[in-house]
Every structure is written in structure tokens, then in C-alpha cells.
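Q: My questions will all concern the structure given below.
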Amino acid sequence: MAVPKKRTSSTRRDKRRTHDHAEMPAISKCSHCGEPVRPHRVCGKCGYYDGKQIKVIKE
């Protein structure tokens, strides 16, 4: 079994882990109602995507 010859220093370990964090999701505004939505998804409030009504939302 392979075993490291030297201990990995905390600095080297932390350098490797710098990119291992959660990122904020991208948010854009709905072109129809102005609500914040994730890109490339149907708006949950009005049901529009790309200027067209995709689904009917009952209020």
C-alpha cells in the first residue's frame, strides 16, 4: 500500500482546499415580472421563460 514519505504541511493542504467552498448561485431577473430567478429556468411566480408563457400559475 502506498504511504506518503513526508507529512503534508498545513499550508500545502490549505492551498489545495482553497477552491473547495460553496458558491452563491447565479440569480437573474424575470423579464416578465421582475422576480429573481435562476438562469435558464421557468419563473415560479408568473410561469414565463424567454418572453413566452410556459405554464399557467394559479394564484
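25 is the number of the first residue of the sequence shown in this note's numbering; add one for each residue after it. Even for Gly, the Cβ is constructed at its ideal location relative to N, Cα and C. Note that the structure is a prediction, hence the values are computed from the model and not measured.
Quick one: grab the DSSP three-state call for K76.
A: Strand.
Q: Under the three-state reduction of DSSP, which class applies to S13: helix, strand or coil?
A: Nothing can be reported for residue 13: it is not among the residues displayed for the chain, which extend from 25 to 83.
Q: What does the alpha-carbon distance come out to for the pair R65 and E47?
A: Approximately 19 Å, taken between the alpha carbons.
Q: Output needed for R62: all residues of its chain with C-beta closer than 8 Å, excluding positions within five of it in sequence on either side, in chain order.
A: Excluding positions up to five away in sequence, the list reads P49, A50, I51 and S52.
Q: For G71, which residues in the same chain have their Cβ closer than 8 Å to its Cβ, ignoring the five residues on either side in sequence?
A: So the qualifying residues of the chain are Q77, I78, K79, V80 and I81.
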